[in-house]
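Visitor: In our numbering, the protein residues as written are 2 to 521.
Cβ coordinates follow ideal geometry from the N, Cα and C atoms, glycine included.
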Amino acid sequence: MWDSSVFLSTLTPKFYVALTGTSSLISGLILIFEWWYFRKYGTSFIEQVSINHISPWINGSDAQSETNGNGNNGNANGTAGSTSNQSTGASQQMPECKVWRNPLNLYRGAEYQRFFWATSKEPLTYYDMNLSAQDHQTFFTCEGDARKEEYEIMQTAWRERNPVQRIKSAHNALEINPECASAYILLAEEEATTIVEAEKILKTALKVAETNYRRSQAIQHQGPIAEGIHRRDTNVLIYIKRRLAMCARKLGKLKEAAKIFRDLSKEIPSIMNVLNVHENLIETLLEMQAYADCQAVLAKYDDISLPKSATICYTAALLKARAVADKFSPDIASKRGLSSIEMSAVEAIHRAVEFNPHVPKYLLETKPLILPPEHILKRGDSEALAYAFFHLRHWKNVDGALNLLHCTWEGTFRMLPYPLERGHLFYPYPTCTECADRELLPSFHEVSVYPKKELPFFILFTAGLCSFTALLALLTHQYPEPMGALAQTVLIWLSYPFHLLKERIEALWPCNFLHQLTRV
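#1: Measuring straight from C-alpha to C-alpha, what distance separates residue 224 and residue 185?
#2: So residue 105 and residue 387 are in contact, right, with Cβ under 8 Å, and what is the actual spacing, rounded?
#3: What three-state label does DSSP hand residue 359 in the structure shown?
#4: Fully enclosed by the stretch 143 to 226, which alpha helix (DSSP H) runs are 4 residues long or longer?
#5: Assuming residue 466 contacts residue 170 (C-beta within less than 8 Å), just tell me the rounded distance between them.
#6: Between residue 290 and residue 300, what straight-line distance do the alpha-carbon atoms span, to the nearest angstrom?
#7: For residue 497, I'd like the list of residues in its chain whose CB is within less than 7 Å of its CB, leaving aside the five on either flank, ordered along the chain.
#8: For the alpha helix (DSSP H) holding residue 263, just list the boundary residues, first then last.
#9: With DSSP run on the structure shown, which of helix, strand or coil describes residue 16?
#10: Beta strand (DSSP E) containing residue 377: first to last residue?
#11: Starting from residue 100, follow its DSSP beta bridges and name the residues at the other end.
#12: What would DSSP say about residue 312, mapped onto helix, strand or coil?
#13: Look at residue 100 and residue 279 and say whether their C-beta atoms are less than 7 Å apart.
#14: Alpha carbons only, please: which of 367, 226, 220 and 266 is nearest the one belonging to residue 239?
#15: By Cβ distance below 7 Å, which residues in the same chain neighbour residue 389 in space, the five residues on each side in sequence not counted?
#16: Which of helix, strand or coil does DSSP assign to residue 269?
#17: Would the beta-carbon of residue 325 fall within 7 Å of that of residue 343?
#18: For residue 451, count neighbouring Cβ atoms within 10 angstroms of its own Cβ and tell me buried if that reaches 16, exposed if not.
#19: What's the C-alpha gap between residue 19 and residue 46?
#20: Which of the three DSSP states, helix, strand or coil, is assigned to residue 141?
#21: Going along the chain, which residues of its own chain have a beta-carbon closer than 6 Å to the beta-carbon of residue 150, five neighbours each way excluded?
#22: Along the chain, where does the alpha helix (DSSP H) containing residue 279 start, and where does it finish?
#23: My output table needs one value for residue 129: the three-state DSSP class, helix, strand or coil.
#24: Quick check: is the beta carbon of residue 132 nearer than 7 Å to any beta carbon in chain C?
#25: Do residue 159 and residue 182 have their beta-carbon atoms positioned less than 7 Å apart in this structure?
#26: Checking 7 Å against the spacing of the C-beta atoms, do residue 315 and residue 353 come in under that value?
#27: Any contact between the stretch 184 to 198 and the stretch 109 to 119? By contact I mean 3 or more CB pairs, one from each, below 8 Å.
#28: Residue 437 lies in the alpha helix (DSSP H); which residues open and close that run?
#29: Taking the alpha-carbon positions, what's the residue 439 to residue 367 distance?
#30: Helix, strand or coil: how does DSSP classify residue 371 here?
#31: Within 10 angstroms of the Cβ of residue 293, are there 16 or more other Cβ atoms? Answer buried if so, exposed if not.
#32: For residue 431, which three-state DSSP category applies?
#33: For residue 105, which of helix, strand or coil comes out of DSSP?
#34: In terms of residues, what are the limits of the alpha helix (DSSP H) holding residue 329?
#35: Excluding five sequence neighbours on each side, which residues of the same chain lie with their C-beta closer than 8 Å to the C-beta of residue 414?
What follows is the structure in structure tokens.
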């Protein structure tokens, strides 16, 4: 006790100032690193290290095997529940964070550009536009285009960031070859400032594309290069037809649009796996209020072996809600219970919200809509925006549908953290959607995050520690002698139990006990 008092009395106030300042700096650096790691990866670095490295080392092999079992949760549960979940699709494991092309993407010139003129806000991110450039290069170019000046110009045009330069390149390509259909596509997408103008350019492009298609079809068996040219011409033709159908849909020519979408849905080229034309057809049929036809299309694609989407899940919920929504009352239902039809509608909404929990915020208009991006992330905020932007009107057209959604939404949210229990249909909600959505969505949009991330304990603890040590450093710098005396008092109090323990040990054992042991 006397030795520690002597040691503490020799410490100067400068030592306490340096000690508290250093502690504050270290805790501040830890806080900054923890916050950066949490913002990037959604979890605490210290917590991850504790769970993955320190805890297994302390608990031994049993904890390690338990961790491995939890890590294989998806496979284990998928195997154990394969018999009961085959009918619900839980055995289907969707690739996480895969970016898809938005089936209902807008026109850059006629819609995105007009939004920019009105608000001075860029509706598309460079990441999203770069993905579109990659799509266009993949489907609208081939090896047979080598040494063809007009197609080489178009290859450069798809990658060009400046829209004025892209349009200029397309005009240059048409001057060299008036039958360059991909140049017409670019002009329809970006130069046309109205849907009517875009439709006019696309009709010209359709004539050119059909000519090119018939020409390449006759020689497609003459080698791999000829086959690649024919594949490219097929992709161009299908893309133009789809965009023409979307023009017809926007201009109110619903029957014409539905016919084109039906015809396209029968095609089988590889580009059809990207375009998802059946979602365009479903949206058009909903606008026509042809619910029976929509149900028939939905039955074809709402299958456990096919990738799900917000359009599939929420349209199925809307069609089932349509049968009961106009007469549904939560007060009456709580007293008498749900009927079989009401239960089916509620379960369909549960299924839809479980797939993408971001959609109800937009359908219920508790969060503002923006123009959807050209690419979406399944189960992400970008997909929710793309769906709600076009389908909000369809939910409003069904009396009571939004009321039923509102009544069941919060209950579904409470169920979501346990996605593989009985009755749940999808694998756990992926944790990587936030980062991808931030790349796809413009900076002025607040990205919806699920589950809502709370600050981990270690960040809060480090923040408190940093604030406390910074306050101590400030007080020690301003009042060195009183704080030094306080620090000595606190250290004496802390060392007092150890001093008592030392006295008890000395009372039990003779002072020369250890010395006698060394002589044995």
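Guide: Reading from the atomic positions:
#1: Position 223 of the sequence shown holds residue 224. Position 184 of the sequence shown holds residue 185. For residue 224 and residue 185, the distance between alpha carbons rounds to 28 Å.
#2: Here residue 105 refers to the residue found at position 104 when the sequence shown is read from its first residue. Here residue 387 refers to the residue found at position 386 when the sequence shown is read from its first residue. Rounded, the Cβ-Cβ distance is 6 Å, consistent with contact.
#3: Against the sequence shown, residue 359 aligns to sequence position 358. Looking at residue 359 - three-state DSSP - the assignment turns out to be coil, as it is neither helix nor strand.
#4: 150 to 160, 164 to 177, 182 to 187 and 196 to 219
#5: In the sequence shown, the residue the question calls residue 466 occupies position 465. In the sequence shown, the residue the question calls residue 170 occupies position 169. The pair is not a contact, with the Cβ atoms about 58 Å apart (cut-off 8 Å).
#6: Walking along the sequence shown from the start, residue 290 turns up at place 289. Walking along the sequence shown from the start, residue 300 turns up at place 299. Rounded to whole angstroms, residue 290 to residue 300 spans 17 Å at the Cα level.
#7: In the sequence shown, residue 497 corresponds to position 496, counting from 1. Cβ neighbours of residue 497 beyond the five flanking positions: none.
#8: Taking the sequence shown and counting its residues from 1, one reaches residue 263 at position 262. 255 to 266 is the span of the alpha helix (DSSP H), which, as asked, contains residue 263.
#9: The count along the sequence shown starts at 1 and reaches residue 16 at position 15. Three-state result, residue 16: helix.
#10: Translated into positions along the sequence shown, residue 377 becomes position 376. That run of the beta strand (DSSP E) goes 376 to 378.
#11: Start at 1 with the first residue of the sequence shown, and residue 100 comes out as number 99. DSSP output for residue 100 lists 378 as bridge partner(s).
#12: For the purposes of this step, residue 312 is taken as the residue at position 311 of the sequence shown. If DSSP states are grouped into helix, strand and coil, residue 312 belongs with the helices.
#13: As a working note, residue 100 is residue 99 in the sequence shown. As a working note, residue 279 is residue 278 in the sequence shown. No, these two residues do not count as a Cβ contact at 7 Å.
#14: Taking the first residue of the sequence shown as position 1, residue 239 is located at position 238. Per the Cα distances, 266.
#15: Along the sequence shown, read from residue 1 onward, the residue named residue 389 stands at position 388. So the qualifying residues of the chain are 360, 363, 364 and 370.
#16: Locating residue 269 in the sequence shown gives position 268, where the first residue counts as 1. Reduced to three states, the DSSP call for residue 269 is coil.
#17: In the sequence shown, counting from the first residue as 1, residue 325 sits at position 324. In the sequence shown, counting from the first residue as 1, residue 343 sits at position 342. Their beta carbons are under 7 Å apart, which means residue 325 touches residue 343 by this criterion.
#18: For the purposes of this step, residue 451 is taken as the residue at position 450 of the sequence shown. Buried, since its Cβ has 16 or more Cβ neighbours within 10 Å.
#19: Locating residue 19 in the sequence shown gives position 18, counting from the first residue. Locating residue 46 in the sequence shown gives position 45, counting from the first residue. Distance between the alpha carbons of residue 19 and residue 46 is about 28 Å.
#20: If you number the sequence shown from 1, residue 141 lands on position 140. In this structure, residue 141 counts as helix in the three-state DSSP scheme.
#21: Locating residue 150 in the sequence shown gives position 149, where the first residue counts as 1. If we look at residue 150 and ignore the five residues flanking it on each side, its Cβ neighbours are 177.
#22: As a working mapping, residue 279 is identified with position 278 in the sequence shown. Here the alpha helix (DSSP H) through residue 279 covers 278 to 288.
#23: One-based indexing of the sequence shown puts residue 129 at position 128. Helix.
#24: The chain inventory of the structure shown lacks chain C, comprising one protein chain alone.
#25: Here the question's residue 182 lines up with position 181 in the sequence shown. Here the question's residue 159 lines up with position 158 in the sequence shown. No, they are not a contact pair.
#26: To locate residue 315, count along the sequence shown from 1; it is residue 314. To locate residue 353, count along the sequence shown from 1; it is residue 352. Going by C-beta atoms, residue 315 is nearer than 7 Å to residue 353.
#27: yes
#28: Reading the sequence shown from its first residue, position 436 is the one you call residue 437. From DSSP, the alpha helix (DSSP H) with residue 437 extends over 434 to 441.
#29: Locating residue 439 in the sequence shown gives position 438, counting from the first residue. Locating residue 367 in the sequence shown gives position 366, counting from the first residue. Approximately 20 Å between the Cα atoms of the pair.
#30: In the sequence shown, counting from the first residue as 1, residue 371 sits at position 370. Note: residue 371 maps to coil in three-state DSSP.
#31: If you number the sequence shown from 1, residue 293 lands on position 292. By the neighbour-count rule (16 or more Cβ atoms within 10 Å), residue 293 is not buried but exposed.
#32: Locating residue 431 in the sequence shown gives position 430, counting from the first residue. If DSSP states are grouped into helix, strand and coil, residue 431 belongs with coil.
#33: For the purposes of this step, residue 105 is taken as the residue at position 104 of the sequence shown. Residue state, collapsed to three classes: coil.
#34: One-based indexing of the sequence shown puts residue 329 at position 328. Neither: residue 329 is in no alpha helix (DSSP H) and is coded neither H nor E.
#35: Position 413 of the sequence shown holds residue 414. Reliability of the predicted coordinates at residue 414 is poor, the pLDDT of 45 falling under 50, and the value obtained from them is presented with this limitation in mind. For residue 414, where only same-chain residues beyond five positions count, the Cβ hits under 8 Å are 354 and 358.
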